[in-house]
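Engineer: Pasting a structure here, questions to come.
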Amino acid sequence: MPEKIPVEINQALNELAKSVRLCYQCGTCAAGCPVFRVRNDKNPRLLVERLLLGNQEEVIQSDVMWYCCNCYTCTEHCPQGVDLAHVMVNLKNLAVQMGYAPQSLIDEITAILTTGGTAELTGAIRKRREKIGLPAELKGPDVKEIETLLQSTGVISLIDQAKKKLEADA
Amino acid sequence: MKSYSFFAGCTIPNVIPSIEAATRRVMEKLGIELVDLPFGCCPDPTGVQGLSHDAWLVLGARNIALAEQEGKGDIMTICNGCFETLKTVNHHVREDPKEREMINSHLQKVNRKIEGKLDVRSFLEVLEEDIGLEEIKKHITTPLDQTVGIHYGCHILKPKEILKYDNPDRPERIERLLEALGIKTKQYVNKSLCCGAGILGIDGQTTLGIRREKLVEVEKAGIDWLVTPCPTCLRGYDSSQMMIKKEFGDNLNIPVLHISELLALVMGFPANEIGLNFHRVKDPSWKK
Chain D
237 MPEKIPVEIN QALNELAKSV RLCYQCGTCA AGCPVFRVRN DKNPRLLVER
287 LLLGNQEEVI QSDVMWYCCN CYTCTEHCPQ GVDLAHVMVN LKNLAVQMGY
337 APQSLIDEIT AILTTGGTAE LTGAIRKRRE KIGLPAELKG PDVKEIETLL
387 QSTGVISLID QAKKKLEADA
Chain Y
229 MKSYSFFAGC TIPNVIPSIE AATRRVMEKL GIELVDLPFG CCPDPTGVQG
279 LSHDAWLVLG ARNIALAEQE GKGDIMTICN GCFETLKTVN HHVREDPKER
329 EMINSHLQKV NRKIEGKLDV RSFLEVLEED IGLEEIKKHI TTPLDQTVGI
379 HYGCHILKPK EILKYDNPDR PERIERLLEA LGIKTKQYVN KSLCCGAGIL
429 GIDGQTTLGI RREKLVEVEK AGIDWLVTPC PTCLRGYDSS QMMIKKEFGD
479 NLNIPVLHIS ELLALVMGFP ANEIGLNFHR VKDPSWKK
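Line by line, the protein sequences give chains D and Y. In this text, residue positions in the first sequence follow my numbering: the first is 237, and each later residue adds one. In this text, residue positions in the second sequence follow my numbering: the first is 229, and each later residue adds one.
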């Protein structure tokens, strides 16, 4: 079921629509998109058209922005100067604010909160490091510092909200 | 001796340490001091930025602030993702007073402050601009028979206005560097195609299809090794070849190396010593 768009998200989507207003639907974004090359059901041009038409529920619940690899090819090639890669980041951020975040993103933030980084050092790699003359591990950050920053920027509550939404949908 | 705060990132030390081993040996031989600091994730320009653009800037700024306060020299990265994130964050801090204020209001809570006084450099820029070809050439002892193809990866090239590394559509800077060092390079179709890692957690099958698009062209061009400055791209192209065979039937057998690993080889470090034998696809010559 489409969800009602809160007023601040509505305003942000209106601003984003303004930023793509020069789009004339030529499809250069789709032509250069690495994902569209193998998945023609993930069309960035159509997402922009929906944004321009004001179909906000459809835009916010779309998975097309989550299929963006952030490669910047669309931004680089757009003949109208639309910064579509940045629009995709904004759409992801707004979807997260409404509680939509993919599991992989929740996992990534959880890893950063636990170790400071996205990849945990396993026993096997620790051994491998010593074998090739490296210290067993590099000193990581104080994770309390990382937690304070994620709390301060609102990420922890965003992640909690997204977790609850995923559980409720399951 | 020239020094840098060494930003190793997450993937390299914890997943592909051979790149770290190669970088440390190469830089030591070239008279460069690498200083380690308790850095966190850069953070990831696709995932973390997708969650919250502000949090991405703030976590990135914490790393730069740490280097400003406790490091030695500019920041040197060996990963495209780290390069893009840190250079972009620094750009925001230097060019946008409002963003700088927002970032510092968060950093204040952990007693840090970013000024934007350091440069963020890729190891490729350090090699070319700070050390110089003539100096590197003096240390080349073991010429290669193999011809390499370059996969630049997106985040060393784009956004081009900020990163200023090379032309994103027809990059040639790495080829020029390697050719000058006596390494044979070759062009191939789909050179500027993204590796697809950004959506690995969303839909791995689609990522696999994107990787195949490039690898079959590398194979067709008769390239021996695929070489990249990015650990995420390396990991993807190296580990996906078995799955591509299973899913699509393509018989690919293309060793994938980081540029640091390639340089370590031509500078005479044995493949085993830097851990190249831990790559999935191996070249027979790496047994030594």
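Beta carbons: idealized from backbone N, C-alpha and C, even for Gly. This one's a predicted model, so the numbers in the text were calculated from it and none came from an experiment.
#1: Which of the three DSSP states is assigned to His-367 (chain Y) in this structure?
#2: Is Glu-373 (chain D) helix, strand or coil when you go by DSSP?
#3: Alpha carbon to alpha carbon, how far is His-383 (chain Y) from Ile-241 (chain D)?
#4: Spatial neighbours of Met-237 (chain D) within its chain, please: C-beta separation below 6 Å, excluding the five flanking residues on both sides.
#5: For Glu-356 (chain D), go through chain Y and note every residue whose CB falls closer than 8 Å to its CB, in chain order.
#6: Are the CB atoms of Lys-386 (chain Y) and Pro-399 (chain Y) nearer to each other than 7 Å?
#7: If contacts are defined as beta-carbon pairs under 8 Å, then Gly-344 (chain Y) and Leu-314 (chain Y) qualify, I think. What distance do you get, rounded to the angstrom?
#8: Cβ of Leu-341 (chain D) within 7 Å of Cβ of Cys-265 (chain D)?
#9: Using the beta-carbon count (16 or more within 10 Å), is Gln-415 (chain Y) buried or exposed?
#10: For chain Y, check one thing: does any of its Cβ atoms lie closer than 7 Å to the Cβ of Met-237 (chain D)?
#11: Give me the Cα-Cα distance between Arg-286 (chain D) and Leu-406 (chain Y), rounded to the nearest whole angstrom.
#12: Could you check whether Val-376 (chain Y) and Thr-316 (chain Y) sit closer than 7 Å to each other, using their CB atoms as the reference points?
#13: Short of 7 Å in beta carbon distance, which residues of its chain neighbour Lys-399 (chain D), apart from the five on each side in sequence? Order them along the chain.
#14: Name the one or two DSSP bridge partners that Phe-235 (chain Y) has.
#15: My output table needs one value for Pro-512 (chain Y): the three-state DSSP class, helix, strand or coil.
#16: Touch check for the stretch 388-405 of chain D and the stretch 440-447 of chain Y: three-plus C-beta pairs under 8 Å?
#17: Identify the contact partners of Tyr-303 (chain D) in chain Y, using a Cβ-Cβ distance below 8 Å as the criterion.
#18: Jot down the residue ranges of each uninterrupted alpha helix (DSSP H) in the stretch 285-325 of chain D, minimum 4 residues, whole runs only, in chain order.
#19: So if I threshold CB-CB distances at 9 Å, which residues from the stretch 384-396 of chain D count as touching chain Y?
#20: In terms of residues, what are the limits of the alpha helix (DSSP H) holding Thr-384 (chain D)?
#21: Would you list the one or two residues that DSSP bridges to Arg-349 (chain Y)?
#22: Spatial neighbours of Val-276 (chain Y) within its chain, please: CB distance less than 6 Å, with the 5 preceding and 5 following residues excluded, ordered by chain position.
#23: Could you give the distance in angstroms between the alpha-carbon of Thr-389 (chain D) and the alpha-carbon of Asn-481 (chain Y)?
#24: Looking only at C-alpha atoms, which of D:Leu-249, D:Arg-365, D:Glu-244, D:Ile-296 sits nearest to Arg-252 (chain Y)?
#25: Where do the N-terminal and C-terminal ends of the beta strand (DSSP E) with Gly-437 (chain Y) fall, by residue?
#26: Does Thr-413 (chain Y) come out as helix, strand or coil in the three-state DSSP assignment?
#27: What residues from the stretch 361-384 of chain D come within 9 Å of chain Y, judged by C-beta to C-beta, listed N to C?
#28: Hey, could you find the ends of the beta strand (DSSP E) His-486 (chain Y) is sitting in?
#29: Tell me, please, whether the stretch 291-301 of chain Y touches the stretch 311-329 of chain D by the rule of three or more beta-carbon pairs shorter than 8 Å.
#30: Which chain D residues are close to Ile-390 (chain Y), counting only those with a beta carbon under 9 Å from its beta carbon?
#31: Could you give the first and the last residue of the continuous alpha helix (DSSP H) run that contains Gly-464 (chain Y)?
#32: Could you work out which residues of chain D lie near Leu-262 (chain Y), taking near to mean beta carbons separated by less than 8 Å?
#33: With distance defined between alpha-carbon atoms, name the residue in Y:Asp-394, Y:Gly-432, Y:Gly-410 nearest to Ser-420 (chain Y).
#34: Here's the rule I'm using: 16 or more other beta-carbon atoms within 10 Å means buried, otherwise exposed. How should Pro-498 (chain Y) be labelled?
#35: Distance cutoff 7 Å, beta carbons only. Does Pro-245 (chain Y) sit that close to anything in chain D?
Structural biologist: If we stick to the structure as given:
#1: coil
#2: coil
#3: 33 Å
#4: Residue placement at Met-237 (chain D) is poorly supported in this model, since its pLDDT is 44, which falls under 50; the coordinates still yield a value, given next. Counting only Cβ-Cβ distances below 6 Å, and skipping sequence neighbours, we find nothing.
#5: Asn-242
#6: no
#7: Wrong, their Cβ atoms sit about 11 Å apart, outside the cutoff.
#8: no
#9: exposed
#10: Residue placement at Met-237 (chain D) is poorly supported in this model, since its pLDDT is 44, which falls under 50; the coordinates are not used for a value here.
#11: 46 Å
#12: no
#13: Ile-342
#14: Y:Thr-305
#15: helix
#16: no
#17: Ile-427, Ile-430, Asp-431, Thr-434
#18: 292-297, 309-313
#19: Thr-384, Leu-385, Leu-386, Gln-387, Ser-388, Thr-389, Gly-390, Val-391, Leu-394, Ile-395
#20: 379-388
#21: Y:Met-304
#22: Trp-284
#23: 45 Å
#24: D:Arg-365
#25: Careful: Gly-437 (chain Y) lies outside any beta strand (DSSP E), inside the alpha helix (DSSP H) at 432-448.
#26: strand
#27: Ile-361, Arg-364, Arg-365, Lys-367, Ile-368, Gly-369, Leu-370, Pro-371, Glu-373, Leu-374, Lys-375, Gly-376, Pro-377, Asp-378, Val-379, Lys-380, Glu-381, Ile-382, Thr-384
#28: 484-486
#29: no
#30: Chain D residues near Ile-390 (chain Y): none, gap ~10 Å exceeds 9 Å.
#31: 459-476
#32: The contacting residues do not exist; Leu-262 (chain Y) stays about 11 Å from chain D at best.
#33: Y:Asp-394
#34: exposed
#35: yes
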